[in-house]
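Down below is the structure, laid out as C-alpha cells.
Number of protein chains: 2
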Amino acid sequence: MHELKVACSSCSLRELCLPLGMRSADVERLDTLVANRRRVRRGGALFHVGDPFTALYAVRTGFFKTCVATEDGASQVSGFQMAGEMLGLDAISHDRHTCDAIALEDSQVCVIPYDRLEALSREFVELQQAFHKIMSREIVRDHGVMLLLGSMRAEERLATFILNLTRRLKARGFSPTALVLRMTREEIGSYLGLKLETVSRTFSKFHEEGLLAVRQREVRVLDEEGLRRLVNAPGV
Amino acid sequence: MHELKVACSSCSLRELCLPLGMRSADVERLDTLVANRRRVRRGGALFHVGDPFTALYAVRTGFFKTCVATEDGASQVSGFQMAGEMLGLDAISHDRHTCDAIALEDSQVCVIPYDRLEALSREFVELQQAFHKIMSREIVRDHGVMLLLGSMRAEERLATFILNLTRRLKARGFSPTALVLRMTREEIGSYLGLKLETVSRTFSKFHEEGLLAVRQREVRVLDEEGLRRLVNAPGV
DNA sequence: CGTGACCTTGAGTAGCCTCAAGAACTGTGG
DNA sequence: CCACAGTTCTTGAGGCTACTCAAGGTCACG
Numbered sequence: 001m002h003e004l005k006v007a008c009s010s011c012s013l014r015e016l017c018l019p020l021g022m023r024s025a026d027v028e029r030l031d032t033l034v035a036n037r038r039r040v041r042r043g044g045a046l047f048h049v050g051d052p053f054t055a056l057y058a059v060r061t062g063f064f065k066t067c068v069a070t071e072d073g074a075s076q077v078s079g080f081q082m083a084g085e086m087l088g089l090d091a092i093s094h095d096r097h098t099c100d101a102i103a104l105e106d107s108q109v110c111v112i113p114y115d116r117l118e119a120l121s122r123e124f125v126e127l128q129q130a131f132h133k134i135m136s137r138e139i140v141r142d143h144g145v146m147l148l149l150g151s152m153r154a155e156e157r158l159a160t161f162i163l164n165l166t167r168r169l170k171a172r173g174f175s176p177t178a179l180v181l182r183m184t185r186e187e188i189g190s191y192l193g194l195k196l197e198t199v200s201r202t203f204s205k206f207h208e209e210g211l212l213a214v215r216q217r218e219v220r221v222l223d224e225e226g227l228r229r230l231v232n233a234p235g236v
Numbered sequence: 001m002h003e004l005k006v007a008c009s010s011c012s013l014r015e016l017c018l019p020l021g022m023r024s025a026d027v028e029r030l031d032t033l034v035a036n037r038r039r040v041r042r043g044g045a046l047f048h049v050g051d052p053f054t055a056l057y058a059v060r061t062g063f064f065k066t067c068v069a070t071e072d073g074a075s076q077v078s079g080f081q082m083a084g085e086m087l088g089l090d091a092i093s094h095d096r097h098t099c100d101a102i103a104l105e106d107s108q109v110c111v112i113p114y115d116r117l118e119a120l121s122r123e124f125v126e127l128q129q130a131f132h133k134i135m136s137r138e139i140v141r142d143h144g145v146m147l148l149l150g151s152m153r154a155e156e157r158l159a160t161f162i163l164n165l166t167r168r169l170k171a172r173g174f175s176p177t178a179l180v181l182r183m184t185r186e187e188i189g190s191y192l193g194l195k196l197e198t199v200s201r202t203f204s205k206f207h208e209e210g211l212l213a214v215r216q217r218e219v220r221v222l223d224e225e226g227l228r229r230l231v232n233a234p235g236v
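Chains as they are written, first to last, in full-length UniProt numbering: chain H, 1 to 236; chain L, 1 to 236.
See the structure below:
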C-alpha cells in the first residue's frame with residue numbers, strides 16, 4: 001500500500017477524470033482533495049464486497065475489473081475501468097462496497113476521501129457539478145450494458161465491446177486499432193453475458209471475416225466500419 | 001400539465017423518497033425545493049430522449065416505465081418506477097434526457113428543479129447526502145439488472161422480477177402477495193431480455209407449479225419461498 | 001356487438017451452452 | 001536457457017433454452 005503525493009492540476013488525465021470540464025484555475029482547488037495514491041499489484045484487490053466505504057478511487061495508471069456477486073455465489077464482471085475512470089460509486093448508497101475491484105495489471109489509483117469530496121463540493125460548484133455528471137454518466141453507461149445484455153446477439157455484443165474499448169483508448173491517446181486485451185476470454189464473457197467458448201468462437205469468426213486480426217490477447221481492428229455495421233444491423 | 005402545490009414535510013412518501021433518512025425538522029427545509037406537481041395521463045410521456053434536462057421527478061402516485069433506444073431504432077425497458085422513486089438521473093450527465101419516461105397509469109410526479117436541488121444541497125448536508133445515496137442506489141440497482149440479464153435463465157429472471165415488485169409494494173404498505181401488473185407481457189419481456197411469449201409461458205409454468213395464481217395481469221404469490229429457491233438455485 | 005390490443009399455446013428452429021480434447025502461452029525453478 | 005506445470009485459448013460435437021412463426025382466445029372499450 002505504497003503512498004505518493006499527487007496533484008490534479010499537474011495530472012495528464014484532467015480532461016477525463018474528476019476535473020471534467022473545469023478551467024485550470026479551478027482544477028487547482030482539487031489539489032487538497034486527493035489524499036494520496038495507492039498501488040495495486042496485478043491480481044490484487046483495491047476493495048472487496050462488504051468493505052467499509054471511505055473513499056472513491058480514480059484510476060491513474062493500469063486497468064481494473066469490478067465484479068458483483070449473486071446470492072448463490074456466482075460472480076459477474078460489471079465493468080472494466082481504465083485511466084481517468086472512477087471506482088467505488090456504488091458504495092455511497094450503503095456505506096459499504098457492493099462489488100470487488102481487481103487490478104488486471106499493476107496499477108495506481110488516486111484516493112479521494114469521500115467526506116472531503118462532500119465538503120469541498122459544497123463550497124465549489126464546479127466540483128459538485130462534475131461529480132454529479134460522473135455519477136449520472138455511470139448510470140447511462142449501465143443502461144447501455146443493459147441494452148447490450150438484453151437485446152444483442154453474441155456478435156453484436158463483442159463488436160460493441162471492442163468498439164467501446166477502442167473509443168476509450170483513443171480518448172487517452174492510444175492507438176484505436178491495435179489493442180492488447182487486459183482480460184481473459186472468461187472475463188469478457190462474464191461481462192457480455194456469454195460463455196468463454198462463445199467469445200473465443202466469435203473472435204475467430206471476426207478474424208475469418210477480416211474484421212479483426214486476433215492473436216491471443218493482441219487484437220488489431222482491420223475494419224471498424226464492418227464492426228459498426230454489425231452493431232447497427234436492425235434485428236436479424 | 002396540471003400543476004399543484006405540495007410539501008415534502010406532509011408527504012406520506014418521505015420515508016422512501018428524497019427525504020431518505022432525514023429527521024422531520026430537516027424535511028421541512030425541502031419544502032422550498034419541490035416546485036409543483038405534474039399530472040401524466042396513462043400512456044403519456046413525462047419526458048422523451050433528447051429533451052433538455054431541467055428537473056428531476058419523484059413519482060408521487062402512479063407507475064412509470066423508462067425506455068432506452070438503440071441506434072437502429074429498437075427500444076428496451078430499462079426500469080419501472082413506482083411511488084417515491086426518482087426519474088431523470090441519467091440526464092444530468094449530458095443535460096438531456098437519455099430515455100423516455102412513460103406513465104403506465106394515470107400518475108402524478110413532484111417536479112424538482114435541478115438548479116434548485118444543486119443550490120440547496122450545497123448548504124444542506126443531509127440533502128446532499130440523501131441525493132448522492134439515491135444516485136448510488138440507482139447504480140447498484142442497475143448492476144442487479146445486469147446480473148439478471150447476464151447470468152439468469154428465464155425462470156430465474158421472472159421470479160426475481162416478481163419478488164422485486166412485491167418487496168417494493170410491501171415497502172409502500174400494499175399487499176405483497178396480491179398484485180396487479182401495470183405493464184404488458186411485452187414490457188416485462190423487454191425489461192428481462194425475453195420475448196413476450198417466453199414471459200407468458202413462464203407465468204403459465206409458475207401457475208402450474210403452484211408458485212403463482214395468474215389471471216392476465218392479476219398475480220397472487222402463493223409460494224414466496226418457492227420463488228426464492230428458484231432465484232438462489234446454484235447454477236442449473 | 002364488433003374491433004383492436006393483449007395474452008396463451010403449439011410446433012419447429014437457431015443460437016448459445018455444455019462437455020471434451022488438445023494447443024498455445026506464461027511463469028517458475030533447476 | 002530449458003523443462004515443466006498451470007492457465008488460457010481454440011475448436012468440435014451434441015443438446016437445450018429461448019426464439020420465431022402462427023393461430024386462437026380473452027378482455028376492454030366504443
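Cβ atoms here follow ideal geometry from the backbone N, Cα and C, with glycine treated the same way.
Residue i versus residue j - alpha carbon distance
i                            : j                        : result
leucine 158 of chain L       : valine 199 of chain L    : 7 Å
arginine 137 of chain L      : glutamate 138 of chain H : 12 Å
leucine 33 of chain H        : glycine 84 of chain H    : 16 Å
leucine 120 of chain H       : alanine 69 of chain H    : 33 Å
alanine 233 of chain H       : glutamate 224 of chain H : 14 Å
cysteine 67 of chain L       : arginine 29 of chain L   : 33 Å
glycine 43 of chain H        : leucine 194 of chain L   : 35 Å
serine 151 of chain H        : serine 78 of chain L     : 12 Å
serine 175 of chain L        : leucine 169 of chain L   : 7 Å
leucine 149 of chain H       : leucine 192 of chain H   : 7 Å
aspartate 51 of chain L      : tyrosine 57 of chain H   : 32 Å
leucine 163 of chain L       : leucine 222 of chain L   : 12 Å
valine 236 of chain H        : arginine 229 of chain H  : Note that valine 236 of chain H scores a pLDDT of 46, beneath 50, so its modelled location is shaky; the value from the coordinates is reported in the next line. Each residue's Cα considered, the two are about 12 Å apart.
asparagine 36 of chain H     : alanine 171 of chain H   : 25 Å
residue 244 of chain L       : valine 6 of chain H      : Any property of residue 244 of chain L remains undetermined from this structure, which presents chain L solely from 1 to 236.
aspartate 26 of chain L      : aspartate 72 of chain L  : 47 Å
serine 93 of chain H         : arginine 23 of chain L   : 18 Å
phenylalanine 124 of chain H : arginine 14 of chain L   : 29 Å
valine 140 of chain H        : serine 10 of chain L     : 33 Å
leucine 212 of chain L       : glutamate 156 of chain L : 14 Å
alanine 74 of chain L        : histidine 143 of chain L : 22 Å
Contacts around residue i, its chain only, beta-carbon distance under 7 Å, and the 5 residues preceding and following it disregarded
i                       : result
alanine 178 of chain L  : Arg220
arginine 116 of chain L : Leu33
glutamine 76 of chain H : Cys67, Val68, Ser190
lysine 133 of chain H   : Leu20
proline 113 of chain L  : Ala35, Thr54, Ala55
leucine 181 of chain H  : Arg217, Val219
Close Cβ partners of residue i (< 8 Å) along its chain, the five nearest in sequence each way excluded
i                        : result
methionine 1 of chain H  : Low confidence applies here, because methionine 1 of chain H scores a pLDDT of 47, under 50, leaving its location unreliable; read the following figure in that light. Excluding positions up to five away in sequence, the list reads Arg38, Arg39.
threonine 166 of chain L : Pro176, Thr177, Leu179, Val221, Glu224
glycine 210 of chain L   : Leu222, Asp223, Gly226
arginine 122 of chain H  : Gln128
lysine 205 of chain H    : Glu155
From the options, residue whose alpha carbon lies closest to that of residue i
i                        : options                                : result
methionine 86 of chain L : L:Thr160, L:Gly150, L:Gly210, L:Pro19  : L:Pro19
histidine 48 of chain H  : H:His97, H:Glu197, H:Val6, H:Asn36     : H:His97
serine 107 of chain H    : H:Ser24, H:Cys8, H:Arg41               : H:Arg41
leucine 196 of chain L   : L:Arg167, L:Ala154, L:Val180, L:Thr166 : L:Ala154
glutamate 218 of chain L : L:Gly189, L:Arg185, L:Thr54            : L:Arg185
arginine 60 of chain L   : L:Leu212, L:Cys110, L:Leu16, L:Gly73   : L:Cys110
glutamate 187 of chain H : H:Lys65, H:Asp95, H:Val140, H:Ile134   : H:Lys65
residue 238 of chain H   : L:Asp95, L:Thr160, L:Lys205, L:Gly173  : Nothing in the structure corresponds to residue 238 of chain H, since chain H is present only between 1 and 236.
serine 12 of chain L     : L:Met135, L:Val231, L:Gly173           : L:Gly173
Cβ shell of residue i (< 6 Å), same chain only, five flanking positions each side left out
i                        : result
valine 214 of chain H    : Phe203, His207
arginine 201 of chain H  : none
alanine 91 of chain H    : Phe53, His97
threonine 160 of chain L : Leu148, Val231
glutamate 126 of chain H : Met22, Asp26
Short Cβ contact (8 Å threshold) for residue i with residue j
i                           : j                           : result
phenylalanine 80 of chain L : methionine 183 of chain L   : yes
leucine 104 of chain H      : phenylalanine 63 of chain H : yes
alanine 45 of chain H       : isoleucine 102 of chain H   : yes
cysteine 17 of chain L      : aspartate 31 of chain L     : no
glutamate 118 of chain L    : glutamine 216 of chain H    : no
methionine 135 of chain L   : methionine 135 of chain H   : yes
**Request:** For the UniProt domain "HTH crp-type" (152–225) of chain L, list the beta strand (DSSP E) runs that are entirely contained and at least 3 residues long, ordered along the chain.
**Result:** The qualifying runs are 178–180, 212–215, 218–221.
**Request:** Scan the region 104–156 of chain L and note each continuous alpha helix (DSSP H) run of 4 residues or more that stays entirely inside, going in chain order.
**Result:** Segments of the alpha helix (DSSP H) lying fully in the region 104–156 of chain L: 114–123, 125–151.
**Ordered list of alpha helix (DSSP H) runs contained in the region 12–97 of chain L, each at least 4 residues** = 24–28
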